[in-house]
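Notes follow the structure.
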DNA sequence: TGAAAACTGTTATAATATAACATAACGGTT
DNA sequence: AACCGTTATGTTATATTATAACAGTTTTCA
Ligand SMILES: [Zn+2]
Ligand SMILES: [Zn+2]
Ligand SMILES: [Zn+2]
Ligand SMILES: [Zn+2]
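Protein chains in written order, with our numbering: chain A, 2 to 143; chain B, 2 to 143.
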């Protein structure tokens, strides 16, 4: 969370804009788009898209924040991603909720798949569509 | 390729615009963006983005074409995806080449990961970043 | 045949992201 | 302190990606 290993720069080194963006993402439990963030941070002096995108770029690079590709949105992460594990979201087709999964169980299978074609895998990024537990229960109830 | 099972509508049923877009994608070995396609198909009478996006929507829905999220681009597929297997691309960080992988080997691990949280998974969509075989060989050579 | 559904063409606009440039703050060296 | 390279910032303008909305046409099929 704070600093799990030598790979991650400590959060204290974040710049003002990076910190503002990160805090905004943390204070939200779902994903936010760059323009959502811009709206929320205008009062703090962030007025133009590049300011947001630059902060996001750095945060994503260090793995504190992930980009949710299918929605052009960003979420803060409280996993570690130390050894270079992947980033995988479970996205509910019914309610749109998302949850980040650990890829540990998948990594071995993934590796064998890529090795078969001589591809040297670094990390997986993906999304699983499906139905979350609450939505599943609602369905069987009805 | 043509029709592998009852899930896929036969390609003969594609409309003119869908066929034009599909053929354009097939004639290219890499991914194309919607606007790339628009440029290539202007002479065939496709002049506006919605015409391209609508065709793509249908093609992606039926699984003949995939969307490469990290690039906002589209690629034709020659796998089957019958049982609802996922869509997974290996993307080379060095040369940008892409290759579609089968997800069979990782489906089980994925399932156990999602079941652990009560999520009922339908299908995976993702990308593995890494280094492709040719680029790997170039590196060790140098 | 005749209504519903799907596809088409078109214009306009929304939403997402980056280029380019000028300035300011930071960090280490002399 | 003065210097210099690097990184971060603010700003304007623009590029890129995607959809809304509407009118007309074709296809499907009861
Ligand atoms: Zn994470
Ligand atoms: Zn749900
Ligand atoms: Zn495929
Ligand atoms: Zn390569």
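Just so you know, even glycine gets a beta-carbon here, dropped at the ideal spot from N, CA and C.
Item                                                                                                                                                                                : Value
From which residue to which residue does the alpha helix (DSSP H) around residue 20/B run?                                                                                          : 17-27
Could you check what DSSP says for residue 57/B in three-state terms: helix, strand or coil?                                                                                        : helix
At a cut-off of 6 Å, would you count residue 71/B as near ligand 4, judging by its Cβ distance to the nearest heavy atom?                                                           : no
For the structure I just gave you, are there three or more beta carbon pairs, one from the stretch 116-123 of chain A and one from the stretch 130-139 of chain B, closer than 8 Å? : yes
Please look up how many angstroms separate the CB atoms of residue 35/A and residue 60/A, rounded, as I've assumed it's under 8 Å.                                                  : So it is not a contact: roughly 12 Å between Cβ atoms.
Looking only at its own chain, which residues have a Cβ that is under 6 Å from the Cβ of residue 92/A, when we skip the five neighbours before and after it?                        : 99, 128, 130
To the nearest angstrom, how far is the alpha carbon of residue 106/B from that of residue 112/B?                                                                                   : 11 Å
Check the DSSP bridge columns for residue 77/A and list the partner residues they point to.                                                                                         : 66/A
Can you look up residue 33/A in the DSSP assignment and give me helix, strand or coil?                                                                                              : strand
CA-CA distance, residue 70/B and residue 76/B?                                                                                                                                      : 11 Å
With a threshold of 6 Å, establish whether the CB of residue 80/A neighbours any heavy atom of ligand 1.                                                                            : yes
Residue 66/A versus chain B: which residues are under 9 Å apart at the beta carbon?                                                                                                 : Those do not exist, as residue 66/A stays about 16 Å from chain B at its closest Cβ, beyond 9 Å.
At 9 Å on the CB atoms, spell out the chain A contacts of residue 114/B, in chain order.                                                                                            : 89, 91, 102, 103, 104, 105, 106, 107, 129
Could you check the C-alpha separation between residue 108/B and residue 86/B for me, to the nearest Å?                                                                             : 8 Å
Between the alpha carbons of residue 1/B and residue 37/A, how many angstroms are there, rounded?                                                                                   : The structure shown does not extend to residue 1/B, since chain B is modelled only from 2 through 143, so no value can be given for it.
Rounded to whole angstroms, what's the CA-CA distance from residue 110/A to residue 117/B? Just pull it up for me.                                                                  : 18 Å
Could you give the first and the last residue of the continuous alpha helix (DSSP H) run that contains residue 46/A?                                                                : Neither: residue 46/A is in no alpha helix (DSSP H) and is coded neither H nor E.
Quick one: complete beta strand (DSSP E) runs, 3+ long, within the stretch 102-141 of chain A?                                                                                      : 121-132
Cβ atoms of residue 21/B and residue 39/B: under 7 Å apart, would you say?                                                                                                          : no
Quick one: is residue 50/A buried, meaning 16 or more other Cβ sit within 10 Å of its Cβ, or exposed?                                                                               : exposed
So, is residue 48/A buried or exposed, given that buried needs 16 or more other C-beta atoms within 10 angstroms?                                                                   : exposed
State the beta-bridge partners of residue 100/B as determined by DSSP.                                                                                                              : 91/B
Going along the chain, which residues of its own chain have a beta-carbon closer than 8 Å to the beta-carbon of residue 6/B, five neighbours each way excluded?                     : Its pLDDT being 49, under 50, residue 6/B is placed unreliably in this model, and the coordinates cannot settle the point.
Report, in whole angstroms, the separation of the C-beta atoms of residue 89/A and residue 125/A, which I expect to be a contact under 8 Å.                                         : 7 Å
Using only CA atoms, which one of 31/A, 97/A, 52/A lies nearest to residue 67/A?                                                                                                    : 31/A
Answer with buried or exposed for residue 114/B, where buried requires no fewer than 16 other C-beta atoms within 10 angstroms of its C-beta.                                       : buried
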